[in-house]
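Peer 1: Mind having a look at this structure? Questions to follow.
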Amino acid sequence: MNKSLIFFMLVFVALGADAQERSLKLWYDKPAEKVWEAALPIGNGRIAAMVYGNPAAELIKLNESTVWSGGPNRNDNPKALAALPGVRQLIFEGKYDEADKLAAANIPSPINGMNYQLVGNLNINFPGHEVYTDYYRELDIETAVTKTNYAVGGVKFTREVFASLTDQVIIVHLTADKAGQLTFSADMQSLQKSAVTTRNNDELILTGVSGDKDGVKGAVKFTSIVKA
-13 MNKSLIFFML VFVALGADAQ ERSLKLWYDK PAEKVWEAAL PIGNGRIAAM
37 VYGNPAAELI KLNESTVWSG GPNRNDNPKA LAALPGVRQL IFEGKYDEAD
87 KLAAANIPSP INGMNYQLVG NLNINFPGHE VYTDYYRELD IETAVTKTNY
137 AVGGVKFTRE VFASLTDQVI IVHLTADKAG QLTFSADMQS LQKSAVTTRN
187 NDELILTGVS GDKDGVKGAV KFTSIVKA
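As structure tokens, then:
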């Protein structure tokens, strides 16, 4: 019995060590282009993004946990209170089908819950990067960092994106292995009612309000700032 126990413990430890050596990464040899399901997610519990990894036109879709359609409202059915005694009486009389029909017609909420909504897109455009080689992108599950690597004209470019829990910002880190090779432009857009302005030549400011839903006017105001 003791020998069997020792053997089991040794096998358990060996399996544990092997699991620690394996890297937990999602990796791909082509960009996501416009496919949402192929983009790589990063986030910190409040803010998040989907990173597409497109060399010439990087697309980063931005989310924030409180941006929903509509606004504060009551969605209980005003007929429910008056209908409840009748439903109870039908149940007491054993008329379950009639009770079910009466309840279904008067008790459920007349509108559904609000929809979670996208804050907007951050577009980063890199002229001349339409043709590239050595493409690779990954999401490191252990560090929650997404990385995109590729080469253009003998220059290796790297993009790293992650959401900081401490600072509550999303970081986009751009590098090239040769000096003076990083040239890009950036803009923002949103499907919500919004406007984009600039400040100090190094900031993009997207302000907007959530959309309407089921007759409830959008009332969630949001601001997203990109700073170089």
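To convert, note that position 146 of the sequence shown is 132 in this note's numbering; the numbers rise steadily by one, no gaps.
All C-beta atoms in this analysis are idealised placements derived from N, C-alpha and C, irrespective of residue type, glycine included.
Kindly indicate the opening and closing residues of the alpha helix (DSSP H) around leucine 48.
Peer 2: For the purposes of this step, residue 48 is taken as residue 62 along the sequence shown, with counting starting at 1. Premise fails: leucine 48 lies in the beta strand (DSSP E), 43 to 50, not in any alpha helix (DSSP H).
Peer 1: According to DSSP, simplified to helix, strand and coil, what is glutamine 6?
Peer 2: As a first step, residue 6 is located in the sequence shown; it is residue number 20 there, counting from the start. Bear in mind that the predicted position of glutamine 6 carries a pLDDT of just 49, short of 50, making it too unreliable to give a figure here.
Peer 1: Count the other C-beta atoms from every protein chain shown that fall within 10 angstroms of the C-beta of serine 55, then say buried if there are 16 or more, exposed otherwise.
Peer 2: Residue numbering aside, residue 55 sits at position 69 when the sequence shown is read from its first letter. Looking at its Cβ environment, which holds 16 or more other Cβ atoms inside 10 Å, serine 55 is buried.
Peer 1: Cutting at 6 Å between CB atoms, please list the residues of its own chain near isoleucine 46, excluding the five before and the five after it.
Peer 2: Taking the sequence shown and counting its residues from 1, one reaches residue 46 at position 60. Ala35, Val37, Leu108, listed in sequence order.
Peer 1: Could you round the C-beta distance between isoleucine 33 and threonine 132 to whole angstroms and report it? I think they count as a contact, below 8 Å.
Peer 2: Position 47 of the sequence shown holds residue 33. Position 146 of the sequence shown holds residue 132. Contact flag wrong, Cβ pair sits at about 14 Å.
Peer 1: Quick check: the Cα distance between isoleucine 191 and isoleucine 93, rounded to an integer number of angstroms?
Peer 2: In the sequence shown, counting from the first residue as 1, residue 191 sits at position 205. In the sequence shown, counting from the first residue as 1, residue 93 sits at position 107. For isoleucine 191 and isoleucine 93, the distance between alpha carbons rounds to 44 Å.
Peer 1: Just curious, the alpha helix (DSSP H) that lysine 65 is in, first and last residue?
Peer 2: Numbered from its first residue, the sequence shown carries residue 65 at position 79. First-last for lysine 65: undefined, no H or E at that position.
Peer 1: Just confirm the distance between the C-beta atoms of phenylalanine 176 and glycine 194, as a whole number of angstroms; I'd bet it's less than 8 Å.
Peer 2: By one-based count along the sequence shown, residue 176 stands at place 190. By one-based count along the sequence shown, residue 194 stands at place 208. Strictly speaking, residue 176 in this sequence is serine, with phenylalanine absent from that position. Indeed, because the Cβ distance is near 5 Å, the residues count as touching under 8 Å.
Peer 1: On the three-state DSSP scale, how would you describe valine 105?
Peer 2: Within the sequence shown, the letter at position 119 stands for residue 105. Here valine 105 sits in coil by DSSP.
Peer 1: State the CB to CB distance for the pair threonine 119 and alanine 130, rounded to an integer number of angstroms; the pair is presumed to be in contact (CB under 8 Å).
Peer 2: To locate residue 119, count along the sequence shown from 1; it is residue 133. To locate residue 130, count along the sequence shown from 1; it is residue 144. Between alanine 130 and threonine 119 the Cβ distance is about 28 Å, and since that is not below 8 Å, they are no contact.
Peer 1: Can you tell me whether DSSP reads arginine 32 as helix, strand or coil?
Peer 2: Position 46 of the sequence shown, counted from the first residue, corresponds to residue 32. The answer is coil: DSSP assigns arginine 32 none of H, G, I, E or B.
Peer 1: Compute the Euclidean distance between the alpha carbons of glycine 201 and asparagine 101, then round it to the nearest angstrom.
Peer 2: Within the sequence shown, numbered from 1, the residue matching residue 201 stands at position 215. Within the sequence shown, numbered from 1, the residue matching residue 101 stands at position 115. Going by the C-alpha atoms only, they are around 13 Å apart.
Peer 1: Exposed or buried, what is valine -3 when buried is set at 16 or more other beta-carbons lying within 10 Å of its beta-carbon?
Peer 2: Position 11 of the sequence shown, counted from the first residue, corresponds to residue -3. In this prediction, valine -3 scores a pLDDT of 42, lower than 50, which makes its location untrustworthy; the coordinate-derived value is nonetheless stated afterwards. Burial call: exposed.
Peer 1: Using a 10 Å radius around the Cβ and a threshold of 16 neighbouring Cβ atoms, would you call serine 196 buried or exposed?
Peer 2: If you number the sequence shown from 1, residue 196 lands on position 210. Flag for serine 196 reads buried.
Peer 1: Roughly how many angstroms lie between the CA atoms of alanine 89 and tryptophan 22, to the nearest whole one?
Peer 2: Locating residue 89 in the sequence shown gives position 103, where the first residue counts as 1. Locating residue 22 in the sequence shown gives position 36, where the first residue counts as 1. Taking the straight line joining both Cα atoms gives about 40 Å.
Peer 1: Look at phenylalanine 208 and glutamate 50 and say whether their C-beta atoms are less than 8 Å apart.
Peer 2: Along the sequence shown, read from residue 1 onward, the residue named residue 208 stands at position 222. Along the sequence shown, read from residue 1 onward, the residue named residue 50 stands at position 64. Taking 8 Å as the Cβ cut-off, phenylalanine 208 and glutamate 50 qualify as a contacting pair.
Peer 1: Ignore the nearest five residues each way along the sequence and tell me which others in leucine 168's own chain have a CB closer than 7 Å to its CB.
Peer 2: Indexing the sequence shown from 1 puts residue 168 at position 182. Cβ neighbours of leucine 168 beyond the five flanking positions: Leu160, Ala162.
Peer 1: In this structure, does DSSP put glycine 72 in helix, strand or coil?
Peer 2: Residue 72 sits at position 86 when you count from the first residue of the sequence shown. Looking at glycine 72 - three-state DSSP - the assignment turns out to be helix.
Peer 1: Rounding to the nearest angstrom, what Cα-Cα distance links asparagine 115 and valine 141 in this structure?
Peer 2: Stepping through the sequence shown from its first residue, residue 115 is reached at position 129. Stepping through the sequence shown from its first residue, residue 141 is reached at position 155. Position check: residue 115 holds histidine in this sequence, whereas asparagine was assumed. One C-alpha to the other measures close to 11 Å.
Peer 1: Report the three-state DSSP secondary structure of proline 92 (helix, strand or coil).
Peer 2: Counting from one through the sequence shown, the residue named residue 92 turns up at place 106. The sequence shown places asparagine at residue 92, rather than the proline named in the question. Residue state, collapsed to three classes: helix.
Peer 1: From which residue to which residue does the beta strand (DSSP E) around glycine 194 run?
Peer 2: In the sequence shown, residue 194 corresponds to position 208, counting from 1. Segment 189 to 195, the beta strand (DSSP E) holding glycine 194.
Peer 1: Taking only three categories from DSSP, how would you classify aspartate 173?
Peer 2: For the purposes of this step, residue 173 is taken as residue 187 along the sequence shown, with counting starting at 1. Here aspartate 173 sits in strand by DSSP.
Peer 1: Within the same chain, show all residues whose beta-carbon is closer than 8 Å to that of tyrosine 82, passing over the 5 residues directly before and after it, in chain order.
Peer 2: Residue 82 sits at position 96 when you count from the first residue of the sequence shown. Only Leu76 meet the Cβ criterion.
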